[in-house]
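Heads up: the sequence shown at position 97 corresponds to 532 in our numbering, and the numbers run straight through without jumps. Just so it is clear, CB atoms sit at the ideal spot from N, CA and C, and this is done for glycine as well. Before any comments, here is the structure.
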Amino acid sequence: MERRTVNTPGMVQFADFDSRGYPMVDVRTGYGQWVGSYEQTVEDAMDLAVLARLAVPDWGAAARAADLGCGTGRTGVWLRDRGVGAVDGVDLTPEMLELARAKGVHDRLVEADLAATGLPGVAYDLVVSSLVDEHLADLAPLYREAFRLARPGGLCVLVGLHPYFIMAAGMPTHFDGADGSPIAITTHIHLVSDHLTAGLAAGWQLAEMHEAVVDDTWVALKPKWERYRHRPVSAAYVWRKPA
């Protein structure tokens, strides 16, 4: 395993902020190894609680959603619990898809790259991507594919780690390996302006943005994060496709 990150030249480099130096693996390898403990280690406060605070999405009005980077299916479960009619999921990691399939909330599950999902175009009222963008070297392909999938007037909702938090903590996405030692998964930093540039270039209109900070809930979950109190930890973007 390598002690390095791969970043696009000229962009903000995670390697410049890395304070952990964990051995690093690619996305498919990492999530394939993490799958057994993933849902026990990823806190809902990071993404699902942020989605719940958004004002623009009317989740129950979405007849069909695309869940990009669906992982174990936890986002799909959340969407169905909020009234989304049907959900199709896409993920790069077969082990994650196996767990998602067992949950039975997705109508269709596809193993594919998020830049080329193979899902039908102009077919979804809602496109959602959660905790994915930090693994992408370039945001543009994701925003373009989401735009292709969405119906006119449809929404794209993206939630992930805030770039400030990645830089301040110097901490990549990581998990404990079989021997208990930490393993990092390829991590990239995308500034808020990178999201705005990529989304607008793809044709989206920004409808809402929410930044969540480390608060009492987070400190209760992770007492060592007291030093990050009031610092941004997650960011959510809601985009609308012109009708």
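In the three-state scheme derived from DSSP, where H, G and I count as helix and E and B as strand, L635 is classed as helix. In the DSSP assignment, W653 falls within the unbroken alpha helix (DSSP H) covering 651-656.
By the Cβ neighbour-count rule, Q468 is buried, with 16 or more other Cβ atoms within 10 Å of its own. Distance from the CA of M602 to the CA of Q640, rounded to the nearest whole angstrom, comes to 27 Å. Contact check between the segment 659-668 and the segment 610-622: fewer than three CB pairs, one atom from each, fall below 8 Å, which does not count as touching. Nearest to D516 by alpha-carbon distance, out of L527, E530, A496, is A496.
Our two residues, A521 and A498, have alpha carbons roughly 6 Å apart in a direct line. Inter-residue distance for P677 and P492 is about 15 Å (C-alpha atoms, whole angstroms). Judged by DSSP secondary structure, Q640 falls outside any alpha helix (DSSP H) and instead within the beta strand (DSSP E) spanning 640-648. According to the DSSP assignment, L486 belongs to the alpha helix (DSSP H) that extends over 483-487.
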